[in-house]
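Residue numbers (the working numbering): 2 to 271.
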Amino acid sequence: MQKILLSIFFLWLIVCSCHTTKQVQTIVKDSAVSSSPAVTLKPIDSSAILQQQLTDKMNSPLDFTTFYARAKASYDAPDAAGNATVYIKIKKDSIIWISITGPLNVEGARVLITPDSIKIMNKLDHTVQLSSITHLQQITKLPFSFSDFQDVIMGKAALPNNNVLFNIGKDSITVLSGNDVIKYMFAFTKKHFLLGQGNYKTQGPGPSTSANIFYNGYQQINNTWFSTSRVISVSGANTASIEVNFKEYYFNQPLDYMFTILKNYTIKYE
Numbered sequence: 002m003q004k005i006l007l008s009i010f011f012l013w014l015i016v017c018s019c020h021t022t023k024q025v026q027t028i029v030k031d032s033a034v035s036s037s038p039a040v041t042l043k044p045i046d047s048s049a050i051l052q053q054q055l056t057d058k059m060n061s062p063l064d065f066t067t068f069y070a071r072a073k074a075s076y077d078a079p080d081a082a083g084n085a086t087v088y089i090k091i092k093k094d095s096i097i098w099i100s101i102t103g104p105l106n107v108e109g110a111r112v113l114i115t116p117d118s119i120k121i122m123n124k125l126d127h128t129v130q131l132s133s134i135t136h137l138q139q140i141t142k143l144p145f146s147f148s149d150f151q152d153v154i155m156g157k158a159a160l161p162n163n164n165v166l167f168n169i170g171k172d173s174i175t176v177l178s179g180n181d182v183i184k185y186m187f188a189f190t191k192k193h194f195l196l197g198q199g200n201y202k203t204q205g206p207g208p209s210t211s212a213n214i215f216y217n218g219y220q221q222i223n224n225t226w227f228s229t230s231r232v233i234s235v236s237g238a239n240t241a242s243i244e245v246n247f248k249e250y251y252f253n254q255p256l257d258y259m260f261t262i263l264k265n266y267t268i269k270y271e
């Protein structure tokens, strides 16, 4: 049961994402043309403008203070398959709090992640695992820091400033990047730069892990676009698939992040 709960949780870290967007700027040409023969007007490179706009968006800080969501998740993994309700709370740059509830509204697990630690409470067998963020990286096979996980959950496609390739199509923009450890692929719509697909693939020795994510059902709340329907498949050492449908979500409201360890719980250190 613990392996099932942890599998659901780590899948959730990847798929639970919303997407903050900016409107694509309208390019307005100046109708006044100089009659001086010394002035040569260069053609406007619309592809370069789109690349710069998308790069600026990916490099801009996340614009929120807190985030809350409740979603229904349907999962299928070698160990088990079923349904769960997942609750997530984020305090920007400080806390990621997740609760997983199973049948009969029984909470099975609660997770608290900070920039340097992770606590996993298995409420079914009364145990708590205390680990560093490095242990989370080892389990997920992804070299993510706290800020990386926060970006993934919030739908921010953060990429390095170098080794980035843009492929601009008729209706979409694909961005490729990576290093010796992990490769990224993100596909955005040209309109509003909505994230439609993301792919993460680990590199290096040993078996690789690939997570392929599709984002659908976008809704706009204030100036934020939110994907209310997600599908993800994970292949490699840990094969699984999950569908997530959001039932409730909001931003910038007061939240609590309760994580009380009772005296009868066994504490494990990793």
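All C-beta atoms, glycine included, are put in the ideal place defined by N, C-alpha and C.
Taking the continuous alpha helix (DSSP H) assigned at residue i, which residues delimit it?
i: Gln52; result: Ser47 to Asn60
i: Asp64; result: Careful: Asp64 lies outside any alpha helix (DSSP H) and carries neither H nor E.
Only counting the same chain, and skipping five residues up and downstream in sequence, which positions put a Cβ closer than 6 Å to that of residue i?
i: Leu1; result: Limits of the chain in this structure are 2 at one end and 271 at the other, which puts residue 1 out of reach.
i: Leu131; result: Lys120 and Tyr270
i: Ile262; result: Val129
i: Asn168; result: Thr175
Give the straight-line distance between the Cα atoms of residue i and residue j, rounded to the nearest whole angstrom.
i: Asn60; j: Gln52; result: 12 Å
i: Ala159; j: Lys171; result: 23 Å
i: Glu249; j: Ala74; result: 13 Å
i: Asn217; j: Tyr185; result: 19 Å
i: Glu244; j: Asp149; result: 22 Å
i: Thr210; j: Ser234; result: 11 Å
i: Ala110; j: Phe260; result: 11 Å
i: Gln80; j: Val232; result: One point to set straight first is that residue 80 is Asp, not Gln, in the sequence displayed. Computed Cα separation, rounded: 19 Å.
i: Leu256; j: Thr66; result: 10 Å
i: Tyr1; j: Asn223; result: This structure leaves residue 1 out entirely; the chain is present only between 2 and 271.
i: Lys58; j: Ser95; result: 22 Å
i: Pro304; j: Gln151; result: In the structure displayed, the chain extends from 2 to 271; residue 304 sits before or after that span and is not available.
i: Val182; j: Gly205; result: 6 Å
i: Arg71; j: Leu105; result: 16 Å
i: Ser47; j: Gln54; result: 11 Å
i: Ala88; j: Asn253; result: The amino acid at residue 88 is misidentified as Ala; the sequence shows Tyr. For Tyr88 and Asn253, the distance between alpha carbons rounds to 16 Å.
Considering only the beta carbon of each residue, do residue i and residue j sit closer than 7 Å?
i: Thr229; j: Phe215; result: no
i: Gly156; j: Leu196; result: yes
i: Thr128; j: Thr267; result: yes
i: Ile97; j: Ile121; result: no
i: Ile101; j: Ala78; result: no
i: Tyr76; j: Lys90; result: no
i: Glu108; j: Lys124; result: yes
i: Ala188; j: Thr203; result: no
i: Pro208; j: Gly237; result: yes
Where does residue i sit, in a helix, a strand or coil, going by DSSP?
i: Leu263; result: coil
i: Phe247; result: strand
i: Val182; result: coil
i: Val153; result: helix
i: Leu125; result: coil
i: Ser148; result: helix
i: Asn239; result: coil
i: Gln139; result: helix
i: Leu195; result: coil
i: Leu166; result: strand
i: Leu256; result: coil
Excluding the five sequence neighbours on either side, which residues of its own chain have a C-beta within less than 8 Å of the C-beta of residue i, listed in chain order?
i: Thr135; result: none
i: Asp117; result: Ser133, Ile134 and Phe147
i: Ser173; result: Ala188, Phe189, Thr190, Lys191 and Gly197
i: Tyr258; result: Lys90, Lys92, Ile96, Trp98 and Leu113
Go to residue i, then tell me how far its beta strand (DSSP E) extends in each direction, as first and last residue.
i: Val235; result: Thr225 to Ser236
i: Ser211; result: Ser211 to Ile222
i: Leu113; result: Glu108 to Thr115
i: Tyr88; result: Ala82 to Lys92
Considering only residues of the same chain and omitting the five flanking positions on each side of residue i, which have a CB-CB separation below 7 Å?
i: Asn265; result: His127
Any chance the CB of residue i is under 6 Å from a heavy atom of the ligand PLP?
i: Asn217; result: With respect to small molecules bound, the structure shown includes none, and the ligand PLP cannot be examined in it.
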